[in-house]
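Have a look at the structure below, then the notes.
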Amino acid sequence: MNYIEIHRLYKEGFSKSAIAKKLKISRNTVIDYLNMTTEEFEEFVGSLRTREKKLDPYHNQILEWLREHPDLSGAQVYDWLEEKFNFKEVAENTVRNYLNELRDRYHIPKVMVQRTYSTVPELPMGKQVQVDFGQTVVKDKDGHNKRLYFIAFILSHSRYKYAEWLDRPFRTADVIRMHENAFYYFEGMPEEIVYDQDALLAVSENAGDLIMTSEFTKYHQTRQFNIYLCRKSDPESKGKIEQVVKFIKNNFSKNRVFDNITDWNQSCHAWLKRTGNYKVHHNIKKRPSEVHALEKQHLKKVSGTYIFENILVSSITRSIQKDNVIRFGGNRYSVPKGTFRADAPNIAYVQENDGWLTIRLKQTGSIIAKHRISSERGRVISDPAHREYGTSKRELLIKQIEDVFLDKENIQWLIHQLKERYPRHLTDQLKVLKQAINVYPNHCEQALDEMKRLNMTSANDFRDIANSLSVQSQKDSPTAIELNQKYKDLIAPERSEDIYLKVLAGGRD
Numbered sequence: 001m002n003y004i005e006i007h008r009l010y011k012e013g014f015s016k017s018a019i020a021k022k023l024k025i026s027r028n029t030v031i032d033y034l035n036m037t038t039e040e041f042e043e044f045v046g047s048l049r050t051r052e053k054k055l056d057p058y059h060n061q062i063l064e065w066l067r068e069h070p071d072l073s074g075a076q077v078y079d080w081l082e083e084k085f086n087f088k089e090v091a092e093n094t095v096r097n098y099l100n101e102l103r104d105r106y107h108i109p110k111v112m113v114q115r116t117y118s119t120v121p122e123l124p125m126g127k128q129v130q131v132d133f134g135q136t137v138v139k140d141k142d143g144h145n146k147r148l149y150f151i152a153f154i155l156s157h158s159r160y161k162y163a164e165w166l167d168r169p170f171r172t173a174d175v176i177r178m179h180e181n182a183f184y185y186f187e188g189m190p191e192e193i194v195y196d197q198d199a200l201l202a203v204s205e206n207a208g209d210l211i212m213t214s215e216f217t218k219y220h221q222t223r224q225f226n227i228y229l230c231r232k233s234d235p236e237s238k239g240k241i242e243q244v245v246k247f248i249k250n251n252f253s254k255n256r257v258f259d260n261i262t263d264w265n266q267s268c269h270a271w272l273k274r275t276g277n278y279k280v281h282h283n284i285k286k287r288p289s290e291v292h293a294l295e296k297q298h299l300k301k302v303s304g305t306y307i308f309e310n311i312l313v314s315s316i317t318r319s320i321q322k323d324n325v326i327r328f329g330g331n332r333y334s335v336p337k338g339t340f341r342a343d344a345p346n347i348a349y350v351q352e353n354d355g356w357l358t359i360r361l362k363q364t365g366s367i368i369a370k371h372r373i374s375s376e377r378g379r380v381i382s383d384p385a386h387r388e389y390g391t392s393k394r395e396l397l398i399k400q401i402e403d404v405f406l407d408k409e410n411i412q413w414l415i416h417q418l419k420e421r422y423p424r425h426l427t428d429q430l431k432v433l434k435q436a437i438n439v440y441p442n443h444c445e446q447a448l449d450e451m452k453r454l455n456m457t458s459a460n461d462f463r464d465i466a467n468s469l470s471v472q473s474q475k476d477s478p479t480a481i482e483l484n485q486k487y488k489d490l491i492a493p494e495r496s497e498d499i500y501l502k503v504l505a506g507g508r509d
C-alpha cells in the first residue's frame, strides 16, 4: 500500500521528490499522504468507496455500450459522451479509468476483433512480381546516422528477390531504371506487377479507376505489363513483398556500416546470392534460386535496352498541397492561390533549368509559377503575386459591377456595406450580385434604390428584390391578344351604315 510505503521511505531519509519518482506517483500525493494520520487515511479510503463519481449518472449507458462493444476504448466512450450528452466535465484519462473499473467489476475483457486471413493460392510461374519500398537508418563509417532507401522485388512463385538502394528519396525515373535492372536480374518480365499506392507511380485510384503519374504511364505503355494496386498493409495482396522488406532490413542492413552507395548495392546483391535467394524458403521448402531456374523460362523476354530519353520527360511531378505549394529539394514553392482544387488531381509538372524552377499544370502547358531554386532547406519560397490572386479577382468583380450602374454613389454604398459585413465571403457576395444583374438587367437601378431605402445589405436581398420587381412588372404589362394563325389571311368586307340600318329594320339588301 502506497501510504505505508511512503511513510517508510520518508523515515529512511528519502526526499518527497525521490519517493514520488520511486513509486511513480505525483509529489502532491506524497505530501498529502505524509500529512495524514492512519485514522485520516482509513477515513479517506472509506470515502473513495462511497463517494459519487461524475461519471456515475452515465453508468448504465456506458455499461450498455461496453457489453455491446467489448472492444470499446476510453477515447471512444469519451467522444460518445460528448456527442450524445454534451458531457465535458472529466478528462479522457478519467473515462479510461472508469471504463477499466467497469470491465473488472462486470468481467468484460477487452476483446479485439481480428481480421480473418486465408492462405492465398500459389500463383503459376511467370505470373506475378510484387514491388514495395522501404527505408532504414544505419551508421556510416564516421558513426553518424544515415538514412537509406530501397526498392524490393519478388517473383511470387519462386520467391526469387531483387533489391536496389539509394541514399536519397526515390524519383520516378529511379523507379523505372530499377524496374529495368530487376527484369535483367530476373531474366524476363512477369504478366502482372503488384504495387502499393505509391505517389511515385500512381496519382490516385478512385473506385478502381487508376490514374498513374505521367512518367510511369509512358513506361507502362512501352513494357505493357498488367498493374494491380493494393491497399497499404494488405497481406493477402502483397504479403510476400512485405516479408521481403522486413527480411532486407533485419538480415542485410541491420548493424551494417555504410561507406558509399555503390559498395552498399554490391554488398546487397552479394547477400541476395548468398542468403536472400539461396536459403530454403520456409513456405515452399525450396531454394528460390533453384525454382527461379525453372520460372525464368515462363517470363516474357525484355526486348533490347530501354531508351529512357525517348520515354521520360525532363519534368517531374509533384503534388500540389492544400496551402497552394509544391515540395521540391527540401523546400516549398508557391503556386497561384486557388490552384489546389478538391475535385482535381492536384499534380504539377516541375522542371529545373539554369537554377530556376518552372511549374506547369500540364507537361506542355503554360508556366503558372517560376522561382529561383534555393540552396537552403526548409524554406518557403513564395511569389507575392500568388497571394494577391484572390484580391485581383475581387477587384475585377467590383469594377464589372460598378460599370453597370448609373448611380455610382448607391452602388459604392452597397459594395462598402458588403465589405464591412462579409469580409471573408465578399467574393461570394459579389458573384451573387453579378448573377442577379445578368438575370434582371432592367430592374437593377430600382432594386438598388429599394435596398438603400430599406437599409438592406446583402447580395441575396438585392437578388430577391430584383426578382420581385421583375414579377410585378410582368403582371402590370397589358396582355397582348394572340390571333389565331388560321384566319390571319382573311379580310372582312366593308359595308355602309345604311345596309346595317335596313337589316335592323327588317329590310333586305
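Residue numbering for the sequence shown follows the UniProt record's numbering, starting at 1 and increasing by one per position.
We put the beta carbon where it would ideally sit given N, CA and C, even for glycine.
Quick caveat: nothing in here was measured; it's all calculated off a predicted structure.
Among residues of its own chain, excluding the 5 on either side of residue i, which ones have a beta-carbon nearer than 6 Å to its beta-carbon?
i: Y3; result: Y33, F41
i: V137; result: N145, R147
i: G355; result: I373
i: E450; result: I465
i: F153; result: V129, V131, Y162, A182
First and last residue of the beta strand (DSSP E) that includes residue i?
i: G134; result: 128-140
i: T317; result: 316-319
i: Q297; result: Careful: Q297 lies outside any beta strand (DSSP E) and carries neither H nor E.
i: K326; result: Checking the displayed sequence, the identity of residue 326 turns out to be Ile instead of Lys. Here the beta strand (DSSP E) through I326 covers 325-328.
i: I227; result: 226-230
Just to check my reading of the structure: residue i and residue j have Cβ atoms closer than 8 Å, yes? What is that Cβ distance to the nearest angstrom?
i: S334; j: I381; result: 7 Å
i: E402; j: I411; result: 5 Å
i: V111; j: D142; result: No, V111 and D142 are not in contact; Cβ-Cβ is about 51 Å, not under 8 Å.
i: H298; j: M125; result: 4 Å
i: I261; j: D167; result: 5 Å
i: residue 523; j: Y278; result: Residue 523 is absent from the structure shown; the chain starts at 1 and stops at 509.
i: Q429; j: Y422; result: 5 Å
i: K337; j: H386; result: 6 Å
Sorted by chain position, which residues of the same chain lie with C-beta nearer than 7 Å to residue i's C-beta, five sequence neighbours on each side aside?
i: K296; result: F186, E187, G188
i: V404; result: I437, C444
i: S158; result: P288, V291, H292, E295
I'd like the span of the alpha helix (DSSP H) that includes residue i, first residue to last.
i: K431; result: 426-439
i: A466; result: 459-476
i: S334; result: Counting along the chain, S334 falls outside any alpha helix (DSSP H), though it belongs to the beta strand (DSSP E) covering 331-334.
i: F85; result: 74-85
i: H443; result: Note, H443: premise wrong, no alpha helix (DSSP H); not H, not E.
i: T94; result: 92-106
i: R421; result: 408-421
What do you reckon, is the C-beta of residue i under 7 Å from a heavy atom of the ligand ZN?
i: A459; result: For the ligand ZN, the structure offers nothing, since it holds no ligand at all.
Is residue i helix, strand or coil by DSSP?
i: N277; result: coil
i: L361; result: coil
i: A369; result: strand
i: N145; result: strand
i: I311; result: A caution first: I311 carries a pLDDT of 44, below 50, which makes its placement in the model unreliable, though a value can still be read off. Note: I311 maps to helix in three-state DSSP.
i: E191; result: coil
i: A344; result: coil
i: L210; result: Residue placement at L210 cannot be trusted, given a pLDDT of 41 that sits under 50; what the coordinates show is reported in the next sentence. Looking at L210 - three-state DSSP - the assignment turns out to be strand.
i: A270; result: helix
i: A152; result: strand
i: I499; result: helix
i: E68; result: helix
i: E205; result: A caution first: E205 carries a pLDDT of 38, below 50, which makes its placement in the model too unreliable to give a value.
i: V111; result: coil
i: D489; result: coil
i: Y389; result: Note that Y389 scores a pLDDT of 47, beneath 50, so its modelled location is shaky; the value from the coordinates is reported in the next line. DSSP places Y389 in helix when its eight states are reduced to three.
i: E89; result: coil
i: D196; result: strand
i: N353; result: strand
i: F258; result: strand
i: I381; result: strand
Near residue i, what residues of its chain come up, given a Cβ to Cβ distance below 8 Å and the 5 sequence neighbours on each side ignored?
i: F87; result: Y58, L81
i: K11; result: none
i: L272; result: K161, Y162, A163
Alpha helix (DSSP H) segments (min. 4 residues) lying fully within the UniProt domain "HTH IS21-type" (1-66): Those alpha helix (DSSP H) runs which fall completely within the UniProt domain "HTH IS21-type" (1-66) and span 4+ residues are 2-11, 16-23, 27-34, 38-50.
Runs of alpha helix (DSSP H) wholly within the region 154-189 (minimum 4 residues, chain order): Within the region 154-189, the runs of alpha helix (DSSP H) at least 4 residues long that lie entirely inside it are, in chain order, 172-186.
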